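Asks: Got a structure for you, questions after.
Protein chains in written order, with the numbering used here: chain A, 3 to 423; chain B, 6 to 162.
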């Protein structure tokens, strides 16, 4: 089976990826590694991998155990130790096997699940429910998240106020702290934030991996421009109404975080919309397409974040000499960031989240992480490590608290019968 | 030229790690700096606006905020005034609260609002045509607040 090649559609995944890849491989004269890493992904020696992991080990030890000693309460110390070992093991495997996406995704999905468990448990513990009342908003008790950032810029510039019922400084997830985190991640990773930092993205990343083969293969390319349309619409409407339109009407992730208490017909309609969007874009479509459909076809923050790829040192490039035009990279890209045009130019589309899935999937090692300004050929291993350190540290530090929190809640459930203290 | 671009590329890439470390390690400092430098505040549509005047009563105080008419550019036609009752330390609010409010600063009351502490409803008696009705009643723990919809006097002239 040969996948269709069209400039106005995203190529489908091959029916049977492995034989397909092997066939192309053989055609190009490349040989597969016996460990399955492929010719583009060289396994390091264990010693070198340990050495590469050492900085992460030390940094994580410093960050996670910053208080100097382990907590005495086993409900706190066990999650901390498990998270630490889990984090280090995943980076070691990345360094050792040369595979990026497989181990990134394990952490990324765990972080998202951990976020949901921790966040909801905390809300119920502190507030009694996931519902957000008008009084909570008036008191500025709404945690800020990065999804709001694009909507706040124009009103902030013109009115010097943030159109969000949170706190500028102090309290959980205050606006200044979240914006600082986002600026840091954007400067270092660009849209890599969406695959190495966004605590929502892991949910659909997880769902997109449940089926072995996609049930829906053809997705017209024009749909990949929808996030930019949504971005323009919500930025304009939010500025005109001085309210975060996306949060009020469209954010699918309110289903697994918090939402306005249903006290009117309007809020009921809003609730139906966001639950439907969650079910469709975060659960059902990722399962059917094996793609991150919310991120690639809807998320306005993702569209906005795409522009930060321009002010970032890293990208993913295609070595044309090695490329056999097998289309496998296009088929596996979760955010529709590779198509015939971009591959022929030797690059990805602006929406690339640097997840590394295409790099792992390419049977010829034609795709690699790249540092802008440097040669594409010959430096892929170095460029990958240059990206992996900041990328993984952001993911690990940002996510380890969520994973620890979730483990704590699960242990609480196992020992007391309730996740709420 | 290629070598220079390469050196600059690696130098740029090398900054990514310190940026991430500095982001996490100095997060509180950066956040305070960001808040201080930008001087941003929460939109009055959510916070209720700035305090205009405070009336002291025995056992509690009433804070009347400036009316909120903030628009993206200029002011809106419709807005609201927030009235908040705060008990004295260690005390609780009386069962029934009542206050005459002058929101336009002309020295004459524009409306009076009555609130039963246990109930979610407030009664409004308007003496100014610009006062439209009760927008919402907020249970803020020990405090109670009422937001009253008003029309912007500047936009009616």
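Ideal Cβ positions, reconstructed from N, Cα and C, are used throughout, including at glycine. Since the model is a prediction, treat every value here as computed from it, not as a measurement.
Using a cut-off of 7 Å between C-beta atoms, extract the partners of residue 124/B located in chain A.
Replies: Within chain A, no residue comes near residue 124/B; the closest Cβ sits about 14 Å away, beyond 7 Å.
Asks: Which residues in chain B have a C-beta closer than 8 Å to the C-beta of residue 142/A? List them in chain order.
Replies: Here the neighbours are 47, 51 and 52.
Asks: Any chance you could list the beta strand (DSSP E) runs of at least 3 consecutive residues sitting entirely within the segment 360-419 of chain A, in chain order?
Replies: Listed in chain order, the complete beta strand (DSSP E) runs (minimum 3 residues) inside the segment 360-419 of chain A are 369-373.
Asks: Is the beta carbon of residue 127/B closer than 8 Å to that of residue 120/B?
Replies: Yes, the pair counts as a contact, with Cβ atoms nearer than the cut-off.
Asks: What three-state label does DSSP hand residue 218/A in the structure shown?
Replies: Note: residue 218/A maps to coil in three-state DSSP.
Asks: Between residue 85/A and the ligand MG, is there a pair consisting of the residue's CB and a ligand heavy atom that are separated by less than 7 Å?
Replies: For the ligand MG, the structure offers nothing, since it holds no ligand at all.
Asks: Since residue 85/B contacts residue 152/B with CB under 8 Å, what's their CB separation in whole angstroms?
Replies: Correct: roughly 5 Å between the Cβ atoms.
Asks: Compare the Cα-Cα distances from residue 255/A to each of 227/A, 230/A, 330/A and 300/A and report the closest residue.
Replies: Per the Cα distances, 300/A.
Asks: What do you get for residue 266/A, buried or exposed, if any count of 16 or more other CB atoms within 10 angstroms of its CB means buried?
Replies: Classification of residue 266/A: exposed, given that the 10 Å Cβ count is below 16.
Asks: Residue 355/A and residue 193/A: beta carbons closer than 8 Å?
Replies: Cβ distance < 8 Å, so residue 355/A and residue 193/A count as in contact.
Asks: Would you please state the rounded distance, in angstroms, between the beta carbons of residue 129/B and residue 116/B? I believe it to be under 8 Å.
Replies: Right, the Cβ-Cβ distance comes to about 6 Å (below 8 Å), so this counts as a contact.
Asks: Thinking residue 396/A and residue 63/A are a contact (beta carbons under 8 Å), I'd like their distance in whole angstroms, please.
Replies: Their Cβ separation, rounded to whole angstroms, is 17 Å, which puts residue 396/A and residue 63/A out of contact at 8 Å.
Asks: Go to residue 82/A, then tell me how far its alpha helix (DSSP H) extends in each direction, as first and last residue.
Replies: Element bounds for residue 82/A: 76-99.
Asks: Tell me which residue opens and which closes the alpha helix (DSSP H) that residue 179/A is part of.
Replies: 177-191 is the span of the alpha helix (DSSP H), which, as asked, contains residue 179/A.
Asks: Can the beta-carbon of residue 140/B be found closer than 8 Å to that of residue 90/B?
Replies: Going by C-beta atoms, residue 140/B is not nearer than 8 Å to residue 90/B.
Asks: Taking only beta-carbon atoms, is residue 56/B less than 8 Å away from chain A?
Replies: Closer than 8 Å: no.
Asks: Which residues bound the alpha helix (DSSP H) around residue 50/A?
Replies: That run of the alpha helix (DSSP H) goes 48-66.
Asks: What does the alpha-carbon distance come out to for the pair residue 78/A and residue 249/A?
Replies: Roughly 33 Å separates the two Cα atoms.
Asks: Drop a sphere of 10 angstroms on the beta-carbon of residue 40/B, count the other beta-carbons inside from all chains shown, and report buried for 16 or more, exposed for fewer.
Replies: Residue 40/B comes out buried.
Asks: Let me see if you follow: with CB-CB separation under 8 Å, is residue 162/A close to chain B or not?
Replies: Yes, contact with chain B.
Asks: Cutting at 7 Å between CB atoms, please list the residues of its own chain near residue 16/B, excluding the five before and the five after it.
Replies: Closer than 7 Å at the Cβ level, and outside the excluded window around residue 16/B, lies no residue.
Asks: Among residues of its own chain, excluding the 5 on either side of residue 284/A, which ones have a beta-carbon nearer than 6 Å to its beta-carbon?
Replies: Cβ within range, chain order: 205, 206, 254 and 296.
Asks: Output yes if chain A places a C-beta closer than 8 Å to the C-beta of residue 65/B; else output no.
Replies: With 8 Å as the cut-off, residue 65/B does not count as an interface residue toward chain A.
Asks: Pairing CB atoms from the segment 166-181 of chain A with CB atoms from the segment 341-357 of chain A, are three or more of them under 8 Å?
Replies: Not touching, per the Cβ criterion.
Asks: Quick test of your reading: residue 478/A and residue 139/A, contact by CB under 8 Å. State the CB separation rounded to the nearest angstrom.
Replies: Absent from the structure is residue 478/A, since the part of chain A shown begins at 3 and ends at 423.
Asks: For chain A, check one thing: does any of its Cβ atoms lie closer than 8 Å to the Cβ of residue 24/B?
Replies: It does; some Cβ of chain A falls within 8 Å.
Asks: Count the other CB atoms, across all protein chains shown, that sit within 10 Å of the CB of residue 53/A; report buried if there are 16 or more and exposed otherwise.
Replies: So residue 53/A ends up on the exposed side.
Asks: Whose Cβ in chain B lies nearer than 8 Å to the Cβ of residue 157/A?
Replies: Within chain B, the residues near residue 157/A are 48 and 77.
Asks: Short of 7 Å Cβ to Cβ, which residues in the segment 385-419 of chain A face chain B?
Replies: Listed by position along the chain: 388, 391, 392, 395, 396 and 399.
Asks: So if I threshold CB-CB distances at 7 Å, which residues from the segment 31-44 of chain B count as touching chain A?
Replies: The segment 31-44 of chain B vs chain A, Cβ under 7 Å: 32, 35, 36, 37, 39, 40 and 44.
Asks: Go through its chain and collect everything with a Cβ distance to residue 411/A's Cβ below 7 Å, but skip five positions before and after it.
Replies: Contacts found: 119, 120, 123 and 421.
Asks: Closer than 7 Å, Cβ to Cβ, to anything on chain B: give me those residues from the segment 249-280 of chain A, in chain order.
Replies: Under the 7 Å Cβ criterion, the segment 249-280 of chain A contributes no residue.
Asks: Residues of chain B with CB closer than 9 Å to the CB of residue 238/A, please, in chain order.
Replies: Neighbours of residue 238/A on chain B: none; closest Cβ ~10 Å, over 9 Å.
Asks: For a contact meaning CB atoms closer than 7 Å, what does residue 242/A contact in chain B?
Replies: In chain order: 77.
Asks: Which residue's Cα is closest to the Cα of residue 144/A: 157/A, 159/A, 155/A and 164/A?
Replies: The residue with the shortest Cα to Cα distance from residue 144/A is 164/A.
Asks: Would you say residue 150/B faces chain A, with C-beta separation under 8 Å as the test?
Replies: At least one chain A Cβ lies under 8 Å of residue 150/B.
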